[in-house]
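Below is one structure, written out as structure tokens, with a few remarks after it.
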Amino acid sequence: MSLDRTVAISRETEVHELARRVSQQVFMADTIAEASDIIETQNPDLIIFDRRFSPHLDRFLTTAERISDAPVVIVGTDDEDTDSIAQLKEMGVYDYLRGK
């Protein structure tokens, strides 16, 4: 599977590598504001959001929904809390990937 454009919102190398594996063009963002600017100008096919930014997830999802149709996928740690995963999906997150 290859997508044209993916925005990776993370400072983690593993998340950047994941984005590179699935997309032809990858745009990296270290902050929510930077990600919003990239999403607005690049119209990505996928947004990968590092769970470490989750305190800002509500605000980010609201912004992302307003400016893009791209699904948001969360990459997290070994979080086994199915309640929090269900809450993420209720908020509009397309999917959740667990890391090692």
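For what it's worth, this note's numbering labels the leading residue of the sequence shown as 2, then goes sequentially.
Glycine included, each C-beta is placed from N, C-alpha and C at the ideal position.
What first and last residue would you give for the alpha helix (DSSP H) that runs through residue i?
i     : result
Ser37 : Ile33 to Gln43
Arg60 : Leu58 to Ile68
Val16 : Thr14 to Val23
Looking at residue i: is its Cβ nearer than 8 Å to the Cβ of residue j?
i     : j     : result
Ile49 : Ile10 : yes
Asp51 : Ala71 : no
Starting from residue i, trace the beta strand (DSSP E) in both directions and tell me its first and last residue.
i    : result
Val8 : Leu4 to Ile10
If you draw a straight line from the alpha carbon of residue i to that of residue j, how long is it in whole angstroms?
i      : j     : result
Ser37  : Ala20 : 17 Å
Val8   : Leu58 : 15 Å
Thr14  : Asp31 : 12 Å
Val74  : Ala65 : 12 Å
Gln26  : Leu62 : 22 Å
Arg139 : Gln88 : Summary: the structure shown does not reach residue 139, with the chain confined to residues 2 through 101, and so no result is reported for it.
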